[in-house]
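Line by line, the protein sequences give chains E and Z. Quick note: the first sequence uses the numbering used here, first residue 1, plus one each step. Quick note: the second sequence uses the numbering used here, first residue 1001, plus one each step. As structure tokens, the structure follows; a few thoughts come after it.
2 protein chains.
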Amino acid sequence: MKDLTLDNMTDVVISSIADTEDPRLKEVLSIVIRKIHEAAIEVQITHAEWEGLMNFLLAAGNISDAQRNEFILLSDLTGLTSLVDLIASSSSPDASERSVLGPFYVPNAPMIESGGDLIADNEGDPVVALGRVLSSTGEPIPGAMMEFWQNAANGQYSNVDPTQDDNNLRCRMLSNDDGSYEVSTIRPIAYEVPDDGPGGEYMRATGRHCWRPAHLHVRVHADGYEDLVTEVFNTLDKYIEEDAVFGVRSSLAIPFNREPTPDEQARFSHVASPFHMVDFDFVLQPLG
Amino acid sequence: MKDLTLDNMTDVVISSIADTEDPRLKEVLSIVIRKIHEAAIEVQITHAEWEGLMNFLLAAGNISDAQRNEFILLSDLTGLTSLVDLIASSSSPDASERSVLGPFYVPNAPMIESGGDLIADNEGDPVVALGRVLSSTGEPIPGAMMEFWQNAANGQYSNVDPTQDDNNLRCRMLSNDDGSYEVSTIRPIAYEVPDDGPGGEYMRATGRHCWRPAHLHVRVHADGYEDLVTEVFNTLDKYIEEDAVFGVRSSLAIPFNREPTPDEQARFSHVASPFHMVDFDFVLQPLG
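What follows is the structure, encoded as structure tokens:
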């Protein structure tokens, strides 16, 4: 009879999935099982600690619902989500870096024209974001579908804040023939990720805060290119060096305070002064 | 501005928990975070795969309730639970090996005298389990609190089967002055772990079955000794080499078919013949 020991358990478990039909699943599971076992052995995990882990995962399941996946938050807070983005970006070093999609994305936001306005009756500091959508091979990409979303002056996103209209501070727009885009909005602000579940418990136990520095979320799709999901950060934010979810990259961070040129001042005269400019180009990777 | 890359992300995340007050938690988290990151990088996990993982964990949370923790089942099915047992057993090599507590344990089962009977009106093959509770230093342990639980002829345990009385095939008993114990019961049978959730999905995807070989569950407590939670397996079971949860150890497996001696035949004349004997000693590790 084959005996199970600390020395052979991992190999026995990996052998047990030898009949996995999907070769990629088999590869992934083999690696994940090995790493989980290595962690348990290196930690010399006790039964009480294992039970604590099981209860922690159960609590994460309990607080999750159709709107909230606490496992994603835990992935964010432990850098796993950003690691997924970094892995994806590593194969397209000339394209814009990716950053977390987050829980506030909503598909099918209203289409507006480039140059349109999201401010409406929002309080906050007006800014005009503008730039171009480019291929990593250099040429501009016209007709790229850009999606923008961000938080309001109270720090909340419209999909989780009943005081906001459903599509407040959200839009879709197509890039112009020269790849350019422009949109007036308010300057997003720092906010805290939810701390009322196991994610918050983790942050308190590890002496961390739940703040994310101010950012614009952007998703760009163009036929023939890899989709880009990213964020543009304000380097002037006090939390820029300590994003709770590790989303900041220096290539994605700029000061959100450039003064408009006289031409821009005139071109955006419909925006309440004083306003500032946020310049960012989005660079897409051609498909395979 | 400190940049985040594939090369430094793990160290940045581990640095972020530098203020963790509990030194053991800090050690455990540092190792676990590093192993999770290593797995993600070695797998070169894609965004779609990560999303699949997040949905899998969410589904495990959704199917869990006060009676069922699907994360424990997943831990069982991937050998993690047994690894915890093996780690615990490695510090007490002269004691009985530990094996999974499982979801069917219920505290405070009825006390019976050693020699008592659990068969009542249960169908099944009668057996008499007997042996001693011993210290790993050799001497018998009188007055050890032993808890037994097992499944019925339909494969189910009483705490999840409304057709059984609450305490069917469960008891607590104290070992005798010479450390011995005896109990008549039915031979437990193989059964399947629940396959209607993510645990079952994992087993189907990996070409595995959900069967566990027949076993008696035992928990032994004696003052001055480490608690023992273990299982005694029937080597004659067809699944003995392929326990879905990796609980079998050769030191915990014996054939459940020894013929009674004439003396035993007389001593257990109240048990319907033919019956068989199951011999097992439980060896406890003195504390500290």
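Ideal Cβ positions, reconstructed from N, Cα and C, are used throughout, including at glycine.
Does residue i get closer than 8 angstroms to chain Z when you measure Cβ to Cβ?
| i | result |
| --- | --- |
| Ile17 of chain E | yes |
| Trp211 of chain E | no |
| Phe71 of chain E | yes |
| Gly197 of chain E | no |
| Met277 of chain E | no |
| Leu228 of chain E | no |
| Met146 of chain E | no |
| Leu287 of chain E | no |
| Glu264 of chain E | no |
| Gly79 of chain E | yes |
| Trp149 of chain E | no |
Confirm, please, whether the CB-CB distance from residue j to residue i is below 8 angstroms.
| i | j | result |
| --- | --- | --- |
| Tyr181 of chain E | Val133 of chain E | yes |
| Ala1109 of chain Z | Trp1050 of chain Z | no |
| Tyr1239 of chain Z | Pro1213 of chain Z | yes |
| Arg258 of chain E | His270 of chain E | no |
| Ala1059 of chain Z | Pro1260 of chain Z | no |
| Arg172 of chain E | Met146 of chain E | yes |
| Val1043 of chain Z | Val28 of chain E | yes |
| Leu74 of chain E | Met203 of chain E | no |
| Ala253 of chain E | Trp211 of chain E | no |
| Ile17 of chain E | Arg1208 of chain Z | yes |
| Asn1159 of chain Z | Asn1122 of chain Z | no |
| Thr230 of chain E | Ser114 of chain E | no |
| Val1232 of chain Z | His1215 of chain Z | yes |
| Asp1011 of chain Z | Ser250 of chain E | no |
| Phe1282 of chain Z | Gly1131 of chain Z | yes |
Give me the Cβ distance between residue i and residue j, rounded to the nearest whole Å; I'm assuming they're in contact under 8 angstroms.
| i | j | result |
| --- | --- | --- |
| Pro1286 of chain Z | Ser1099 of chain Z | Pro1286 of chain Z to Ser1099 of chain Z, Cβ: 21 angstroms. No contact. |
| Ala1266 of chain Z | Asp1237 of chain Z | Not a contact, Cβ separation roughly 29 angstroms. |
| Ser90 of chain E | Leu1053 of chain Z | Actually they do not touch by this definition, with Cβ atoms about 19 angstroms apart. |
| Phe1071 of chain Z | Leu57 of chain E | 4 angstroms |
| Gly1124 of chain Z | Ile1186 of chain Z | 3 angstroms |
Taking Cβ positions only, does residue i come closer than 8 angstroms to chain E?
| i | result |
| --- | --- |
| Phe1268 of chain Z | no |
| Phe1282 of chain Z | no |
| Ser1090 of chain Z | yes |
| Lys1002 of chain Z | yes |
| Val1245 of chain Z | no |
| His1221 of chain Z | no |
| Ser1096 of chain Z | no |
| Asn1062 of chain Z | yes |
| Ala1214 of chain Z | no |
| Arg1258 of chain Z | no |
| Gly1207 of chain Z | yes |
| His1047 of chain Z | yes |
| Ile1087 of chain Z | yes |
Residue range of the beta strand (DSSP E) that residue i falls in?
| i | result |
| --- | --- |
| Ser135 of chain E | Pro126 to Ser135 |
| His1289 of chain Z | Because chain Z in this structure spans residues 1001 to 1288, residue 1289 of chain Z falls outside the shown range and cannot be described. |
| Phe56 of chain E | That residue, Phe56 of chain E, is in no beta strand (DSSP E); its alpha helix (DSSP H) goes His47 to Ile63. |
| Val1283 of chain Z | Phe1282 to Leu1284 |
Based on DSSP bridge pairs, tell me the residues matched to residue i.
| i | result |
| --- | --- |
| Pro140 of chain E | E:Leu134 |
| Trp149 of chain E | E:Arg170 and E:His217 |
| Val1232 of chain Z | Z:Leu1216 |
| Tyr1191 of chain Z | Z:Arg1212 |
| Asp1117 of chain Z | Z:Ser1184 |
| Tyr1225 of chain Z | Z:Pro1286 |
| Ile1254 of chain Z | Z:Asn1234 |
Along the alpha helix (DSSP H) that carries residue i, what are the first and last residues, could you check?
| i | result |
| --- | --- |
| Phe71 of chain E | Glu70 to Leu77 |
| Asp1085 of chain Z | Leu1080 to Ser1090 |
| Thr1308 of chain Z | There is simply no residue 1308 of chain Z to check, as chain Z begins at 1001 and stops at 1288 in what is shown. |
| Arg1267 of chain Z | Pro1262 to Arg1267 |
| Ala109 of chain E | Neither: Ala109 of chain E is in no alpha helix (DSSP H) and is coded neither H nor E. |
| Glu1201 of chain Z | Pro1198 to Ala1205 |
Do we get a CB-CB distance below 8 angstroms when we pair residue i with the residues of chain A?
| i | result |
| --- | --- |
| Met54 of chain E | Here the protein chains are E and Z, and chain A is not one of them. |
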